[in-house]
Each structure stands twice: as structure tokens, then as C-alpha cells.
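**Q** Chains as they are written, first to last, in the numbering used here: chain B, 1 to 113; chain V, 1 to 116. Note that CB positions come from ideal geometry on N, CA and C, so glycine has one too. Submitted below is the structure of interest, expressed as C-alpha cells.
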């Protein structure tokens with residue numbers, strides 16, 4: 001079945017540091033890939049997505065590239081801010097008889113001034 | 001425009017009681033999903049609706065859980081005879097008509113359920 005593996009946290013970075021959160025997946029067919037973010041006390045929000053191989057999703061300074069050869073969708077940001085502190089979830093939608101998003105377990109990021 | 005809304009935002013109940021959780025999707029979204037977020041299990045899919053029918057109920061953990069959707073809009077998730085392991089945040093999401101699979105699911109704020 002489909003699965004998503006993302007690096008376990010928590011991750012603590014200083015402001016302006018470089019961020020990478022690794023995400024790899026196993027899926028049937030050619031899934032769409034997503035990063036969702038959950039800020040403290042808020043619901044899940046879509047951060048970015050990519051629907052086919054080599055697509056790059058980007059938003060709010062975050063980027064992730066859909067790498068079919070390595071089945072990965074790593075999240076990166078060049079300079080994090082305190083306001084980026086949140087839990088980040090990698091997810092996939094395979095659509096192969098499945099109607100659900102399959103999520104990784106989430107990575108908690110704390111950015112300190 | 002309005003996003004996905006859920007009620008109540010918090011619910012505390014006693015073991016053995018029934019609870020109903022409500023989801024109001026984004027207007028015009030025909031697909032509706034229920035997920036559960038718990039500390040030990042992460043985010044788990046429960047059920048998917050397309051219109052009023054539920055082609056995928058594979059994530060419902062037991063027959064104590066049921067859901068319905070009426071008028072292609074509001075959905076209710078019912079948990080009968082609640083158990084302590086049902087304590088979690090229940091999330092609802094909606095999306096437009098399913099096509100190639102790249103549709104974004106928009107999530108509500110969730111209902112935090114605590115079973116004492």
C-alpha cells in the first residue's frame with residue numbers, strides 16, 4: 001500500500017538557518033505529492049504541491065521537487081523565520097483505487113530567534 | 001470565501017456515550033473526507049464521500065463509527081459507545097470534483113474529542 005516516510009523531529013533551528021525536511025514515499029502509479037503545514041492552534045493548510053515528476057512546488061519561500069527516481073519530495077527553505085515554527089506533513093494522493101491522502105507522521109519545526 | 005467549518009470545536013464525553021461531529025464543507029465542493037489525528041497514529045483516513053454516497057469507508061476503525069452526508073453538503077460523523085482510544089482530533093476536508101488526483105483538499109479546524 002501507499003506510505004510516506006518523513007524525518008522525525010523535533011527540529012530546532014536558529015532564525016535564518018537553512019531548512020530541509022526529508023520525505024520519501026511508496027505508491028502505486030504516479031501520485032500527486034503535497035506538503036501541509038499546521039501552525040500552533042490552527043488547522044492543516046496546504047503549503048505546496050506537485051502533480052508530476054520533476055515539478056517544483058513553491059510557496060512562502062518553501063520549495064519541494066518531485067523526484068520520481070528517488071521517490072522523494074524533500075521540503076527546503078533557504079532562511080527560516082520564527083513564524084515558520086509549525087508541524088509539517090508530507091502527503092501523497094495516488095488515486096489508484098484510493099480516495100485518501102496518505103500522510104507522513106509530521107515533523108515539528110521550532111525556529112528560535 | 002468561507003472555508004470548511006466543523007462543530008463542536010471541543011467535545012468531552014464519558015466512555016460509552018454517543019457523539020456526533022459535524023462538518024460543513026466549502027460551498028460547491030462535491031468531495032468530502034474525514035480524517036483522525038491522534039498522537040500515536042498520526043493522520044488517518046476514515047471515510048470519503050462523493051456527493052451523498054461513500055465509495056470508500058475503508059478507514060472506519062470499527063462498526064461503532066458511521067458517517068452520513070445529506071444534500072451533498074453537510075456531513076455528520078457519529079461514534080457510538082465511545083471508548084478512550086477514540087480520543088483524537090477529527091478533521092474534515094473537502095475538495096472539488098475528483099479528476100486527475102491533483103485536487104487540493106481543504107481542511108477544517110477539527111473537533112478535539114476527549115473520552116473520559
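Quick one: which chain V residues come within Cβ less than 7 angstroms of residue 103 (chain B)?
**A** What you label residue 103 (chain B) is simply residue 103 of the first chain in a count that begins at 1. Ordered by position in chain V, the residues that pass the 7 angstroms Cβ test against residue 103 (chain B) are 42, 43.
**Q** Return the residue from the list B:78, B:54, B:50 that minimises the CA-CA distance to residue 17 (chain B).
**A** Mapped onto the first chain, residue 17 (chain B) falls at position 17. Nearest C-alpha to residue 17 (chain B): B:78.
**Q** Taking residue 114 (chain B) as the reference, which of B:66, B:113, B:64, B:34 has the closest Cα?
**A** With chain B running from 1 to 113 in the structure shown, residue 114 (chain B) is simply not present.
**Q** So which residues on chain B does residue 105 (chain V) lean against when the C-beta distance must stay under 7 angstroms?
**A** If you number the second chain from 1, residue 105 (chain V) lands on position 105. Ordered by position in chain B, the residues that pass the 7 angstroms Cβ test against residue 105 (chain V) are 101.
**Q** Tell me, which residues are paired with residue 52 (chain V) by DSSP?
**A** Taking the first residue of the second chain as 1, we reach residue 52 (chain V) at position 52. DSSP, once it has assigned bridges, lists no residue as partnering residue 52 (chain V).
**Q** Any beta carbon from chain B within less than 8 angstroms of residue 16 (chain V)'s own beta carbon?
**A** Against the second chain, residue 16 (chain V) aligns to sequence position 16. Residue 16 (chain V) does not count as touching chain B.
**Q** Let me see if you follow: with CB-CB separation under 8 angstroms, is residue 49 (chain B) close to chain V or not?
**A** Taking the first chain and counting its residues from 1, the one referred to as residue 49 (chain B) is at position 49. Output row for residue 49 (chain B): interface = yes.
**Q** Determine whether the Cβ of residue 1 (chain B) lies closer than 8 angstroms to any Cβ atom of chain V.
**A** Position 1 of the first chain, counted from the first residue, corresponds to residue 1 (chain B). Residue 1 (chain B) does not count as touching chain V.
**Q** Rounding to the nearest angstrom, what Cα-Cα distance links residue 7 (chain V) and residue 111 (chain V) in this structure?
**A** Position 7 of the second chain, counted from the first residue, corresponds to residue 7 (chain V). Position 111 of the second chain, counted from the first residue, corresponds to residue 111 (chain V). Those two C-alpha atoms are separated by around 6 angstroms.
**Q** So what's residue 63 (chain B) in DSSP terms, helix, strand or just coil?
**A** Position 63 of the first chain, counted from the first residue, corresponds to residue 63 (chain B). Note: residue 63 (chain B) maps to strand in three-state DSSP.
**Q** List the residues that DSSP assigns as beta-bridge partners of residue 47 (chain V).
**A** For the purposes of this step, residue 47 (chain V) is taken as residue 47 along the second chain, with counting starting at 1. DSSP output for residue 47 (chain V) lists V:34 as bridge partner(s).
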